[in-house]
Amino acid sequence: MVTFRCGTTIRIVTAGAALVATSVVRAEETSPNTECYTVAQTREKIAQHGLADPVPLLRKAGAENQGEPLAARLCRNGEVFIYDITVMRRDGRIERVPINAADGKPQPRREKRP
């Protein structure tokens, strides 16, 4: 039992740290012409524009990136709606997976800064 509790605690702390790190990265990487929505606004946009349900896309992104999906955020860049899905890979790295919210297809990833 002690091992289980310790393992669970470490996983929770790691996931918490990953979410904090993701928030910082997201703030830096979001382009100035990108508008992101709250949960309530996301529900509204899904209904108005007939966008794909984010839950299956979260699961798919997690499976394809061999990790655990942590969060999805709906953003709009110009006329295109994108789900910005955050996945924590098995090696602990955080991946951001952009998926077109209209058709569920992956979007090209942005170039990483040096």
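Residue numbers -27 to -1, 1 to 87, in mature numbering (1 follows the signal peptide of the UniProt record, and there is no 0), belong to the letters of the sequence shown in order. C-beta: ideal position from N, C-alpha, C; glycine also.
Bridge partner(s) assigned by DSSP for residue i
i, result
"Glu8", "Arg49"
"Thr59", "Ala44, Arg69"
"Pro79", "Ile72"
Pair within 7 Å by beta-carbon distance, residue i and residue j
i, j, result
"Gln39", "Arg62", "yes"
"Ala74", "Phe54", "yes"
"Pro27", "Tyr56", "yes"
"Ala36", "Ile58", "no"
"Cys48", "Thr15", "no"
Spatially closest choice to residue i from the options, by CA coordinates
i, options, result
"Ala13", "Gly65, Arg46, Gly35, Glu41", "Arg46"
"Ile67", "Thr15, Pro42, Lys78, Leu31", "Pro42"
Closer than 7 Å to chain B by CB, residue i
i, result
"Ala36", "Absent from the structure is chain B; it holds one protein chain and no more."
Residue i versus residue j - alpha carbon distance
i, j, result
"Tyr10", "Val60", "19 Å"
"Arg69", "Gly77", "15 Å"
"His22", "Ile72", "16 Å"
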